[in-house]
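First the structure, in the form of structure tokens, and then the observations on it.
Residue numbers (the working numbering), protein chains in the order written: chain A, 1 to 395; chain B, 1001 to 1287.
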């Protein structure tokens, strides 16, 4: 019921947006693009809550009251672009949200073409590479970061594990993880024994895991995201792979996935995460307080991600001193602020936020200090492609 | 692919196939007996998986969950049949599909409201958490137990349908419900019992699947997809067809995971297309 009510409220908010823009000259209308229905609804709700809580917390930016509206893209790029067109047609110039590259990339183009500013959390390298533009900014580290901040410290910690096998989702993001991983393995003198691709709709992985076991690797890397990562790791562990193979999950959403696996599966597995609630940082303390007051639970990645893009917008508008788009973009470029992972900096060259990406190692159940203490941070790395190598030609 | 790996992939495929059989047998049974297209079958699987999750959280063991899952799913099937679905038996299949699909979506959204959209873990029972060695390969003990349960269910169902008075009434009801009615048997109660049995089978599949893949709100619709493939391949309404279809699909998927990994999922549908081209009524279906 709450979800439906949220949708109705969001719809009503959007319909009311033009009149609000006219009636309250000081209000700053902001739209969030999230999937609250469709295939990816399981993440959209939590992302949206993070954004909503951040705007509630900050209340205003540069003296303008923030008026937040949700746009449900239903996991459909075409629908997302249409909803953004409608919102921008009604005066909204500041857009946040979206984890899916297939949606974020066309939305980024649309917002840029219509003279807005867009802050998202998509994973494809292209978002701050070949598809970058002046209007778009990204908070999380992408696939290059995920691989370089996990595989390199993993190799240093495990010098005897040299033979790698990969199981990869056959779509843009999975392929991007695999390409980056192959490059790191080659550079580090590691052997890539083979890869099993699987489709986006796959849910049964025992055949791929059997193929991986037959290759007798030292390391299994799971290049994937979301529920497929959950299933591949769960099934790999059930087939006893932890006995003699180290498992690396370069891209995990952290706490929510750890809870879905439970400590018996997480123990001894290496994870790459963009955010961890246990990191001590002033920005993270604020976020933890707000989320704990709302949920009585620690913050997960999805909530943090939703929060982070909203915080960036507020920080950019505050720096600019007004909400005019060119001023906000200038305000964001090069901005350093206390974010959820510590001091974060927005690189002007490609609009990528430079922040820590964590390599974590799953703990044994007996070593957990509290029910959310699933893993320890074993490395925190700012691993980003140099701007001249990203392919970003800022337009 | 080495011969040893091929043999193991076939064995693994048989294991997958038995799980698929369990998933689809309730669906094919309800269609076979009642000519009713039940798109809410996945929702029963989903509800049972969540019931297993709740019970395992409360009791700390999966064993009670294996009883609770089928019971909850059967109860939901009975409620849905009494309140809504019995009024749709005379409707065309298109209407049944729309109505049962709506039921599935309502159940899915209710699960999100009651829990949340994130996946949950259901631990494997401690005594089945190990692995079994088969030559150089390993197989999870829990999967082996699921395969054994599926085989036992197949045998039990066959006995019930073929060797009991209840089974005879069910079969007669599917051939001519009017004739069964004239013999003084309450056909509506028979159909209700069939629906409850179908729900319990979907529930058993959901409860057994929970430790294999966790629980999350969208698992019902995914399960429905594979269940329909198995039913179509095996022949709609055929009990033995569900077994044969499940095994065929499982083996194809497992073997293709080594031969052509990126096409393994696609080949499930390839196998279905091939069967439909050569035997339009399915492997064991009656034209």
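Virtual Cβ for every residue (Gly too), placed ideally from N, Cα, C.
Quick one: using the 10 Å Cβ neighbour count with 16 as the cut-off for buried, is residue 22/A buried or exposed?
On the first chain, position 22 is the one that residue 22/A refers to. Because residue 22/A carries a pLDDT of 42, less than 50, the predicted location of this residue cannot be relied on, and the following value inherits that uncertainty. Classification of residue 22/A: exposed, given that the 10 Å Cβ count is below 16.
Does chain A have any CB closer than 8 Å to the CB of residue 1192/B?
Within the second chain, numbered from 1, the residue matching residue 1192/B stands at position 192. No, because no Cβ of chain A sits closer than 8 Å to the Cβ of residue 1192/B.
With 8 Å as the threshold, decide whether the Cβ of residue 1218/B is near any Cβ in chain A.
Stepping through the second chain from its first residue, residue 1218/B is reached at position 218. Interface annotation, residue 1218/B: in contact with chain A, CB-CB separation under 8 Å.
Residue 133/A by DSSP, collapsed to three states: which one?
For the purposes of this step, residue 133/A is taken as the residue at position 133 of the first chain. Three-state result, residue 133/A: coil.
How long is the line joining the alpha carbons of residue 239/A and residue 1237/B, rounded to whole angstroms?
If you number the first chain from 1, residue 239/A lands on position 239. If you number the second chain from 1, residue 1237/B lands on position 237. Answer to the nearest angstrom: the Cα atoms are 34 Å apart.
Does the distance from the CB of residue 78/A to the CB of residue 94/A come in under 8 Å?
Translated into positions along the first chain, residue 78/A becomes position 78. Translated into positions along the first chain, residue 94/A becomes position 94. Contact: no.
Looking at chain A, which residues of the segment 1110-1122 of chain B have a Cβ within less than 7 Å of any of its Cβ atoms?
1112, 1113, 1117, 1118, 1119, 1120, 1121
Using alpha carbons as the reference points, say which of 223/A, 210/A, 179/A lies closest to residue 199/A.
Against the first chain, residue 199/A aligns to sequence position 199. If we check each option's Cα against that of residue 199/A, 223/A comes out closest.
Cut-off 7 Å between Cβ atoms - residues of its own chain near residue 37/A, not counting five sequence neighbours on either side
Indexing the first chain from 1 puts residue 37/A at position 37. Once the five neighbours on either side are set aside, the close Cβ partners of residue 37/A are 72, 74.
Residues that residue 41/A contacts on chain B, provided the C-beta gap is smaller than 9 Å
Looking up residue 41/A in the first chain gives position 41. Correct list: 1112, 1117, 1217, 1218.
State the Cα-Cα distance for the pair residue 324/A and residue 141/A, rounded to the nearest angstrom.
The residue you call residue 324/A lines up with position 324 of the first chain. The residue you call residue 141/A lines up with position 141 of the first chain. Approximately 27 Å between the Cα atoms of the pair.
Assuming residue 62/A contacts residue 322/A under a Cβ cut-off of 8 Å, what Cβ separation, rounded to an integer in Å, is found between them?
Indexing the first chain from 1 puts residue 62/A at position 62. Indexing the first chain from 1 puts residue 322/A at position 322. With a Cβ gap of about 5 Å, residue 62/A and residue 322/A count as contacting.
Where do the ends of the beta strand (DSSP E) carrying residue 270/A lie?
Against the first chain, residue 270/A aligns to sequence position 270. Counting along the chain, the beta strand (DSSP E) containing residue 270/A begins and ends at 270-273.
Rounding to the nearest angstrom, what Cα-Cα distance links residue 1101/B and residue 1233/B in this structure?
As a working note, residue 1101/B is residue 101 in the second chain. As a working note, residue 1233/B is residue 233 in the second chain. Going from the Cα of residue 1101/B to the Cα of residue 1233/B covers about 22 Å.
Taking 8 Å as the threshold, find out whether the segment 1249-1257 of chain B comes into contact with the segment 264-274 of chain A through three or more Cβ pairs.
no
Inter-residue spacing [alpha-carbon to alpha-carbon] between residue 139/A and residue 355/A
To locate residue 139/A, count along the first chain from 1; it is residue 139. To locate residue 355/A, count along the first chain from 1; it is residue 355. Computed Cα separation, rounded: 8 Å.
Just checking my contact of residue 1097/B with residue 1039/B at CB under 8 Å: how many whole Å lie between their CB atoms?
Here residue 1097/B is taken as the residue at index 97 of the second chain, counted from 1. Here residue 1039/B is taken as the residue at index 39 of the second chain, counted from 1. Right, their Cβ atoms sit about 5 Å apart.
Report yes if the C-beta of residue 348/A is less than 7 Å from at least one heavy atom of the ligand ZN; otherwise report no.
Summarising the ligand content, the structure contains no ligands, and the ligand ZN is consequently not present.
Using only alpha-carbon positions, find the residue among 1128/B, 1012/B, 1076/B, 1042/B that is nearest to residue 1025/B.
Here residue 1025/B refers to the residue found at position 25 when the second chain is read from its first residue. Of the listed residues, the one whose Cα sits closest to residue 1025/B is 1042/B.
Looking at C-beta atoms only, is the number of pairs between the segment 275-293 of chain A and the segment 164-172 of chain A that lie closer than 8 Å three or more?
Cβ pair count under 8 Å is below three, so no.
So what does residue 1134/B bridge to, in DSSP terms?
What you label residue 1134/B is simply residue 134 of the second chain in a count that begins at 1. The partner list for residue 1134/B (beta bridge, DSSP) reads 1137/B.
Segment limits, beta strand (DSSP E) that includes residue 250/A:
As a working mapping, residue 250/A is identified with position 250 in the first chain. Under the DSSP assignment, residue 250/A falls in the beta strand (DSSP E) whose first and last residues are 246-252.
Helix, strand or coil: how does DSSP classify residue 352/A here?
For the purposes of this step, residue 352/A is taken as residue 352 along the first chain, with counting starting at 1. Here residue 352/A sits in strand by DSSP.
Starting from residue 1032/B, follow the alpha helix (DSSP H) in both directions and report where the run begins and ends.
If you number the second chain from 1, residue 1032/B lands on position 32. Per DSSP, residue 1032/B belongs to the alpha helix (DSSP H) from 1003-1034.
Scan the segment 1221-1241 of chain B for residues whose Cβ lies nearer than 7 Å to a Cβ of chain A and list them as they occur along the chain.
1222
If I follow the unbroken alpha helix (DSSP H) through residue 74/A, where does it start and stop?
Translated into the one-based positions of the first chain, residue 74/A becomes position 74. It is not in any alpha helix (DSSP H) - residue 74/A carries neither H nor E in the DSSP assignment.
Give the interface partners of residue 45/A over in chain B, defined as CB-CB distance under 7 Å, in chain order.
Position 45 of the first chain, counting from 1, holds the residue named residue 45/A. Correct list: 1117.
Near residue 291/A, which residues of its chain fall below 6 Å by C-beta distance, leaving aside the five closest residues on each side in sequence?
Your numbering for residue 291/A matches position 291 in the first chain. Cβ neighbours of residue 291/A beyond the five flanking positions: 299, 303.
Mapping DSSP to helix, strand and coil, what is residue 338/A?
Sequence index remark: in the first chain, residue 338/A carries index 338 (1-based). Correct three-state label for residue 338/A: strand.
Can you give the Cα-Cα distance for residue 364/A and residue 1121/B, rounded to whole angstroms?
Position 364 of the first chain, counted from the start, is the residue given in the question as residue 364/A. Position 121 of the second chain, counted from the start, is the residue given in the question as residue 1121/B. If you draw a straight line from the Cα of residue 364/A to the Cα of residue 1121/B, it comes to about 16 Å.
Does residue 1063/B have its Cβ less than 8 Å from a Cβ in chain A?
Residue mapping note: residue 1063/B aligns to position 63 of the second chain, counting from 1. Look at residue 1063/B: its C-beta is not under 8 Å from any C-beta on chain A.
Report the residues of the segment 1250-1268 of chain B with a CB closer than 9 Å to any CB of chain A, ordered along the chain.
1250, 1253, 1254, 1255, 1256, 1257, 1258, 1261, 1262, 1263, 1264, 1265, 1266
Nonlocal neighbours in the same chain, by C-beta distance under 7 Å from residue 1036/B, ignoring five residues either side
Here residue 1036/B is taken as the residue at index 36 of the second chain, counted from 1. Cβ neighbours of residue 1036/B beyond the five flanking positions: 1030, 1089, 1096.
Start and end of the beta strand (DSSP E) containing residue 195/A?
Stepping through the first chain from its first residue, residue 195/A is reached at position 195. Run containing residue 195/A: 191-198, per the beta strand (DSSP E) assignment.
Go through its chain and collect everything with a Cβ distance to residue 158/A's Cβ below 7 Å, but skip five positions before and after it.
Counting from 1 along the first chain, the entry for residue 158/A is found at position 158. 246.
Helix or strand or just coil, what does DSSP make of residue 219/A?
Translated into the one-based positions of the first chain, residue 219/A becomes position 219. It is a strand residue.
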